[in-house]
Structure formats: structure tokens, C-alpha cells
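Enquirer: If you count the sequence shown from 1, position 62 lands on 1378 in our numbering, and the numbers rise without skipping.
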Amino acid sequence: MNICGICQNTSGNKNYVFREMMLGTRDEFDYFACANCGCLQITNIPENMARYYPDTYYSLQSQKNKKTSPLKKFLKKQRLQYCLGESNFINKILTKIYKPPQYFEWFKGLNLTTTSKILDVGCGSGDLLLSMHKEGFTNLTGVDPFIAQDIHHENNVTIHKCDVAELQSQFDCIMMHHSFEHAANPLVLLTKIKEALADNGRILLRIPLCDSYAWRTYGEHWVQLDAPRHFFLHTQKSMSLLADKAGLRITKIVYDSNEFQFLGSEQYKQDIPLNASRSFTNSPEKNIFIKEKIIEYRELAKKLNDEHNGDQACFYLSK
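Following this line, the structure appears as C-alpha cells:
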């Protein structure tokens, strides 16, 4: 009997078998979907999970941290201040000429400043934090228990190899970008994150969602299943239940899926792993998609987001 790890339901749960397709091992894993909250979850976590996180796994690879000139730092900081609500004539003009990174959209309405304490949980080698530092954020920390050792970047961005509770500090914003679904006990993790959150802080949590068009359309071939690395694939209902149990409230949900949900899933239908030499992630010339089809998928993703039917979303939570 399978017991839902979110709502503890035991009745009517549906069993599935999914293959590992990112690396292309094609190993099979048992999952089930909760009949009550809809959460899709792994039945038993494999003992040899390290096998599915090789050194080449994308979040563990560090990009080179190139130095930024003082002038460029000033211009980027001006642009960031405008995006965070600190508007003046100079930064308004700059932002119109030089478009900010897309991820600035995540921070709108969070009342952050350039010096706000921001924590990225499950950040791997910290590439996002390094990018944020170059854009003008100055108080950035990362934590990931699966990196080999602490990483101390030259710009005072530190990635700690530990659990979030071990930091013994509080943050204005705590982020998880597609790492929450890798957690073996999401309620325990969310509770620890709440304890590390400042009283007026915000949690920014980006995850795949299985109450979506992509899961209903592709089923076992849905690219964001990512068996066995994704332990829990949530629905709006399962996230609402989790937040309530952790003493948090969801203040906003923004759907942010893209064409990846179609490109990866269509490849999997043809038994092409994500890391294959002819995958769209590796070969613009040899992959199975024509340019027009990719554009079509991109537009469909936008439509699904507007309909709250995309396969991933950003959840904003507060105490």
C-alpha cells in the first residue's frame, strides 16, 4: 500500500513505471499519483542515487567567474535598482536601452534591495548567484549538501556544503530553483526554510507541476518527470497542503513554463535521451526539430502559462 508523502492518503492511488532518460540509462522506477492531492511521487528512493548525479550533472558544474569592469558594475547596479523599484532618470533610461536578465521578473514585488540577504537552496555550484552578483546584488549565499566541499568565490559569494538549518542565519529572500522536487522530505525542508526566513521575508520556489497539459499529454514521456531524481512532482493542491502544514501561506503563483516541456517530451517519445549527441540540448544541426516547430512550441507554452496549465510555476510564500 502506497501512502502519500504529502497528505497521507492511501486510497485510489495510481501506480506508474518511469524510465531514467536524461542520462539515458533507461533504468525503471516505480512512482504513484495520489488520488487526493494529485502529487506524483517515487515509491522507494534508490540507495544508489549518486549514480544518477555524475560529475557532469549540470547544476554541479561551475562556470568561469569573469571579472566585471567598474563602469559595467555601476551600469548594472543602476539597472537592478530600477527593476527593484528604486527609480531615477538615469536607471530608467538604462533599463529601456539594456534589457535586464529575465530572472529579474522573479523579484518583482518582493521589496528587495541590492543589499537584501538572499539564500539559494540547492544551488549546485552557484552560477545563478554569481550572475546575480554581477548584476548588483551584494549579500548572496548558497547552500547545497551535495557539492563536494564549500565553494568560496572571489566576490564573497559562498556556497556551503550543509543543510539549510546549519546556517543559523535569517534571510530576506530564500530561493529554490528546481531543487525542491529533489527533496526526500519536502515538509521537513520547507519547515527549515521557514525557520531561516526573516519575519517579512519571502520564499521563491520554482518547481515542475504535474497538474499540467504536458503531463496529461505525454504521460510517462513527460520530460520533467526526470526519474529518479525528482522525488515529488507537485500540484497546486499538494503545494497548498504543504505550505499550510509548514505554517506558510502562498501569496502568488506565476506560471513560467517554456518550449522545453515539448522538445524534451517529444524526444523521449522517440527514445532520445536529453544528453544524447543528437538531442536539441547538444546539437542544433542534428536534432529532430525544425525552427518553425520550436517557435510553435514556444507560443503554445506562453498560452498554457496564461491558462495556468504550464508544466512549471513559481510559488511565492510568506509567514
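Where a beta carbon is used, it is the ideal one built from N, C-alpha and C, also for glycine.
Mind reading off the beta-carbon distance from residue 1446 to residue 1469? Whole number of angstroms is fine, and I expect it under 8 angstroms.
Expert: Residue 1446 sits at position 130 when you count from the first residue of the sequence shown. Residue 1469 sits at position 153 when you count from the first residue of the sequence shown. About 6 angstroms separates the two Cβ atoms, so the contact holds.
Enquirer: Smallest Cα separation from residue 1498: which of 1486, 1357, 1327 and 1623?
Expert: As a working note, residue 1498 is residue 182 in the sequence shown. The shortest C-alpha separation from residue 1498 is found at 1357.
Enquirer: Using a Cβ-Cβ cut-off of 7 angstroms (strictly less than) and excluding sequence neighbours within five positions of residue 1321, which residues of its own chain qualify?
Expert: As a working note, residue 1321 is residue 5 in the sequence shown. Counting only Cβ-Cβ distances below 7 angstroms, and skipping sequence neighbours, we find 1357 and 1548.
Enquirer: Which partner residues of residue 1474 appear in the DSSP bridge assignment?
Expert: Within the sequence shown, numbered from 1, the residue matching residue 1474 stands at position 158. According to DSSP, which records beta bridges pairwise, residue 1474 is partnered with 1457 and 1468.
Enquirer: Just curious, the beta strand (DSSP E) that residue 1337 is in, first and last residue?
Expert: Residue 1337 sits at position 21 when you count from the first residue of the sequence shown. Premise fails: residue 1337 is in no beta strand (DSSP E) and is neither H nor E.
Enquirer: Output needed for residue 1558: all residues of its chain with C-beta closer than 7 angstroms, excluding positions within five of it in sequence on either side, in chain order.
Expert: Translated into positions along the sequence shown, residue 1558 becomes position 242. The beta carbon of residue 1558 is closer than 7 angstroms to those of 1322, 1502, 1503 and 1506 in its chain, skipping five residues each way along the sequence.
Enquirer: Starting from the C-beta of residue 1574, find all residues in its chain whose C-beta is less than 6 angstroms away, skip the five residues before and the five after it, and write them out in chain order.
Expert: Here residue 1574 corresponds to residue number 258 of the sequence shown, with the count starting at 1. These residues qualify, in order along the chain: 1617.
Enquirer: To the nearest angstrom, how far is the alpha carbon of residue 1538 from that of residue 1571?
Expert: Residue mapping note: residue 1538 aligns to position 222 of the sequence shown, counting from 1. Residue mapping note: residue 1571 aligns to position 255 of the sequence shown, counting from 1. When rounded, the distance between both Cα atoms is 17 angstroms.
Enquirer: Taking the alpha helix (DSSP H) that residue 1578 belongs to, which residues open and close that run?
Expert: For the purposes of this step, residue 1578 is taken as residue 262 along the sequence shown, with counting starting at 1. Taken as a continuous stretch (DSSP letters only), the alpha helix (DSSP H) holding residue 1578 covers 1576 to 1585.
Enquirer: To the nearest angstrom, how far is the alpha carbon of residue 1350 from that of residue 1326?
Expert: Taking the first residue of the sequence shown as 1, we reach residue 1350 at position 34. Taking the first residue of the sequence shown as 1, we reach residue 1326 at position 10. Straight across, the Cα-Cα distance linking residue 1350 with residue 1326 is about 8 angstroms.
Enquirer: Take the Cβ of residue 1450 as the centre, count every other Cβ of all protein chains shown within 10 Å, and call the residue buried at 16 or more, exposed below.
Expert: Taking the sequence shown and counting its residues from 1, the one referred to as residue 1450 is at position 134. Label assigned to residue 1450: buried.
Enquirer: Per DSSP, residue 1331 forms a beta bridge with which residues?
Expert: Translated into the one-based positions of the sequence shown, residue 1331 becomes position 15. DSSP lists 1348 as partners of residue 1331.
Enquirer: For residue 1387, which residues in the same chain have their Cβ closer than 6 angstroms to its Cβ, ignoring the five residues on either side in sequence?
Expert: Here the question's residue 1387 lines up with position 71 in the sequence shown. Note that residue 1387 scores a pLDDT of 46, beneath 50, so its modelled location is shaky; the value from the coordinates is reported in the next line. Nothing listed; no residue qualifies.
Enquirer: What do you reckon, are the CB atoms on residue 1494 and residue 1523 nearer than 8 angstroms?
Expert: Here the question's residue 1494 lines up with position 178 in the sequence shown. Here the question's residue 1523 lines up with position 207 in the sequence shown. Taking 8 angstroms as the Cβ cut-off, residue 1494 and residue 1523 qualify as a contacting pair.
Enquirer: Can you round the beta-carbon distance between residue 1566 and residue 1633 to whole angstroms, since I take them to be within the 8 angstroms contact cut?
Expert: Here residue 1566 is taken as the residue at index 250 of the sequence shown, counted from 1. Here residue 1633 is taken as the residue at index 317 of the sequence shown, counted from 1. With a Cβ gap of about 6 angstroms, residue 1566 and residue 1633 count as contacting.
Enquirer: May I ask which residues mark the beginning and end of the beta strand (DSSP E) holding residue 1568?
Expert: On the sequence shown, residue 1568 is found 252 positions in, with the first residue counted as 1. 1565 to 1571 is the span of the beta strand (DSSP E), which, as asked, contains residue 1568.
Enquirer: Around the C-beta of residue 1338, are 16 or more other C-beta atoms found within 10 angstroms, so that it is buried, or is it exposed?
Expert: Taking the sequence shown and counting its residues from 1, one reaches residue 1338 at position 22. Result: buried.
Enquirer: Closer than 8 angstroms, CB to CB, is residue 1507 near chain D or not?
Expert: Looking for chain D here will not work: only one protein chain is present.
Enquirer: Around the Cβ of residue 1485, are there at least 16 other Cβ atoms within 10 angstroms (buried) or fewer (exposed)?
Expert: Locating residue 1485 in the sequence shown gives position 169, where the first residue counts as 1. The residue in question, residue 1485, is exposed, as its Cβ has fewer than 16 Cβ neighbours within 10 Å.
Enquirer: So what's residue 1343 in DSSP terms, helix, strand or just coil?
Expert: Counting from 1 along the sequence shown, the entry for residue 1343 is found at position 27. Here residue 1343 sits in coil by DSSP.
Enquirer: Measure from the alpha carbon of residue 1331 to the alpha carbon of each residue in 1608, 1317, 1348 and 1585, then state which is nearest.
Expert: Taking the sequence shown and counting its residues from 1, one reaches residue 1331 at position 15. Cα-wise, what sits closest to residue 1331 is 1348.
Enquirer: For the beta strand (DSSP E) holding residue 1611, just list the boundary residues, first then last.
Expert: Residue numbering aside, residue 1611 sits at position 295 when the sequence shown is read from its first letter. No beta strand (DSSP E) contains residue 1611, which is instead part of the alpha helix (DSSP H) from 1607 to 1622.
Enquirer: DSSP has residue 1550 in a bridge; who is on the other side?
Expert: As a working note, residue 1550 is residue 234 in the sequence shown. BP columns for residue 1550 point to 1525.
Enquirer: Ignore the nearest five residues each way along the sequence and tell me which others in residue 1580's own chain have a CB closer than 7 angstroms to its CB.
Expert: Sequence index remark: in the sequence shown, residue 1580 carries index 264 (1-based). Here the set comprises 1539 and 1590.
Enquirer: So, for residue 1318: in the same chain, excluding its five sequence neighbours on each side, which residues have a beta-carbon less than 8 angstroms away from its beta-carbon?
Expert: Taking the first residue of the sequence shown as 1, we reach residue 1318 at position 2. Within the same chain, residue 1318 has close Cβ partners 1326, 1329, 1331, 1348 and 1359.
Enquirer: Quick one: give me the first and last residue of the beta strand (DSSP E) that residue 1634 is part of.
Expert: The residue labelled residue 1634 in the question sits at position 318 within the sequence shown. Here the beta strand (DSSP E) through residue 1634 covers 1628 to 1634.
Enquirer: What ranges does the beta strand (DSSP E) occupy inside the segment 1411 to 1443, keeping only unbroken runs of at least 3 residues that lie completely in it?
Expert: 1434 to 1437
Enquirer: Between residue 1584 and residue 1424, what straight-line distance do the alpha-carbon atoms span, to the nearest angstrom?
Expert: To locate residue 1584, count along the sequence shown from 1; it is residue 268. To locate residue 1424, count along the sequence shown from 1; it is residue 108. Each residue's Cα considered, the two are about 35 angstroms apart.
Enquirer: List the endpoints of the continuous alpha helix (DSSP H) containing residue 1509.
Expert: On the sequence shown, position 193 is the one that residue 1509 refers to. 1502 to 1511 is the extent of the alpha helix (DSSP H) around residue 1509.
Enquirer: Taking residue 1521 as the reference, which of 1340, 1578 and 1630 has the closest Cα?
Expert: As a position in the sequence shown, residue 1521 is number 205, starting the count at 1. Checked all of 1340, 1578 and 1630; the closest Cα to residue 1521 is 1630.
Enquirer: By alpha-carbon positions, which one of 1427, 1355 and 1464 ends up nearest to residue 1370?
Expert: Position 54 of the sequence shown, counting from 1, holds the residue named residue 1370. It is 1464.
Enquirer: Pairing CB atoms from the segment 1591 to 1611 with CB atoms from the segment 1359 to 1368, are three or more of them under 8 angstroms?
Expert: No: the two stretches stay apart, fewer than three of their Cβ pairs being nearer than 8 angstroms.
Enquirer: Distance, Cα to Cα, residue 1587 vs residue 1578?
Expert: Within the sequence shown, the letter at position 271 stands for residue 1587. Within the sequence shown, the letter at position 262 stands for residue 1578. Those two C-alpha atoms are separated by around 14 angstroms.
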